[in-house]
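Undergrad: Here's a structure for you.
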Amino acid sequence: MPYRPRSTLEQWRILQAVVDAGGYAQAADLLNKSQSSLNHAVAKLQSQLGVELLEVIGRKAQLTDAGEVMLRRSRVLTQQIEDLELLADNIEQGWEPEIRVAVELAYPKQYLYRALQKFYPLSRGSRVQIIDTVLTGTSEVIVQKKADLVIAGVMPKGYLGEPLYVSRFIPVVGATHELASLPTLEQNQLSQYLQIVIRDTAQKPMENIGWLKAEQRWTVDNFNEAIEILQLGLGFCWLPDFVAAEALASGNLVQIQLNNSSERLVPMSLLTPQEETLGPGSKQLRQLILAEHLK
């Protein structure tokens, strides 16, 4: 037999108002109800539950120990109902229930996190899904419109974005690797060594992207795995400087100095694959991300 609640949300809201206002008379003014109706609602709630929630001392209503626990749980319940109803209103008004943000792994996410921190109070209950992408996997997300906002380093033809950041890639090895002791190196010499590469997230990755010059490669899912392998003295890897900074400072990694160029610059941009149907929440978050890069 299905469960039938003995109490109503209105009863719990009245109890909260009585406690927050400091008494029945004050709560009656706040809710624009008669004091007797509030007394009746709380008395009926206590009777239905078989638990004393409030006791009147002098002219002030105070919570019992059981009332403290029940009131705290009731606040969670009423807030969830408010959030649910607000979400329904937002969906009706076009505020999207979920915002998908695809982010190239080579982008420093602290900018995004700061934007999300400012977005949260405005989010109206919208969920945010962050999707890590790499190389042509980012382009695939754009073309197939799998995200509302995309932070990309490689953009497909026909797409424009707002400039955000320029990621600087540098070649690094572990401190015990033989290349760590060489003052300089020719670019073509790197192809003779094991290269650690980050897995392209595309379903059909393009092998000619990502400076894959070495014949021998090991592929990992993220930069942290690459750094762990490098610190064992195995292989070299092109890493964003902000990713390698801590290990370089500690001496666990060493930057390889190349004669022609010891860095690769990748401009990061913010794109909206479906601008014509972009929801108000996504537009708000987009502005907050852009603002983080104007500081």
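The sequence shown: position 287 = 287 (UniProt numbering), numbered continuously.
From the three backbone atoms N, C-alpha and C, an ideal C-beta is built for every residue, glycine too.
With DSSP as the reference, please indicate the residues paired to PHE236 in a beta bridge.
TA: PHE236 is bridged to VAL173, GLN195.
Undergrad: With which residues is ARG124 paired in a DSSP beta bridge?
TA: In the DSSP output, where bridge partners are listed per residue, ARG124 has none listed.
Undergrad: Taking the beta carbon of VAL166 as the centre, do at least 16 other beta carbons fall within 10 Å, making it buried, or is it exposed?
TA: Exposed: under 16 other Cβ atoms inside 10 Å.
Undergrad: Under 8 Å, do LEU71 and LEU63 count as touching if we go by C-beta distance?
TA: Yes. Within cutoff.
Undergrad: Which one of LEU45, SER36, PRO2, GLN231 has the shortest CA to CA distance from ARG13?
TA: ARG13 has its Cα closest to that of LEU45, out of LEU45, SER36, PRO2, GLN231.
Undergrad: Taking all protein chains shown into account, decide if ARG4 is buried (16 or more other Cβ within 10 angstroms of its Cβ) or exposed.
TA: Looking at its Cβ environment, which holds fewer than 16 other Cβ atoms inside 10 Å, ARG4 is exposed.
Undergrad: In the DSSP assignment, find the beta strand (DSSP E) that holds TRP218 and state where it starts and stops.
TA: Start and end: 217-220.
Undergrad: State buried or exposed for GLN195, treating a residue as buried only when at least 16 other CB atoms are found within 10 Å of its CB.
TA: Result: buried.
Undergrad: Can you tell me whether residue 340 is buried or exposed? The criterion is at least 16 other CB atoms within 10 Å of its CB, across all chains shown.
TA: Any answer about residue 340 is impossible in this case: the structure gives the chain only from 1 up to 295.
Undergrad: I need the DSSP call for ALA102, collapsed to helix, strand or coil.
TA: Strand at ALA102.
Undergrad: Which two residues bound the contiguous alpha helix (DSSP H) that contains ALA247?
TA: Its alpha helix (DSSP H) spans residues 241-250.
Undergrad: Are there 16 or more other CB atoms within 10 angstroms of the CB of TYR113, so buried, or fewer, so exposed?
TA: Its Cβ having fewer than 16 others within 10 Å, TYR113 is exposed.
Undergrad: Apply the 10 Å Cβ neighbour rule to TYR120 and answer buried if 16 or more other Cβ atoms are within range, or exposed otherwise.
TA: Label assigned to TYR120: exposed.
Undergrad: For the alpha helix (DSSP H) containing PRO280, name the first residue and the last one.
TA: First-last of the alpha helix (DSSP H) with PRO280: 280-292.
Undergrad: Alpha carbon to alpha carbon, how far is VAL154 from ALA226?
TA: If you take the alpha carbons of VAL154 and ALA226, they lie about 21 Å apart.
Undergrad: Helix, strand or coil for MET155 per DSSP?
TA: Note: MET155 maps to coil in three-state DSSP.
Undergrad: Can you give me the C-alpha to C-alpha distance between ILE289 and GLY158, rounded to a whole angstrom?
TA: The alpha-carbon atoms of ILE289 and GLY158 are separated by roughly 23 Å.
Undergrad: So the alpha helix (DSSP H) LEU9 belongs to, where does it begin and stop?
TA: Here the alpha helix (DSSP H) through LEU9 covers 9-21.
Undergrad: Measuring alpha carbon to alpha carbon, tell me which residue in LYS146, HIS293, SER282 is nearest ARG127.
TA: Taking only the C-alpha atoms, the option nearest ARG127 is SER282.
Undergrad: Please report the distance separating the alpha-carbon of GLU292 from that of LEU248.
TA: In a straight line, the C-alpha of GLU292 is about 27 Å away from that of LEU248.
Undergrad: In or out: residue 312 buried (at least 16 other Cβ within 10 Å) or exposed?
TA: The question about residue 312 has no answer, for the chain in this structure spans 1 to 295.
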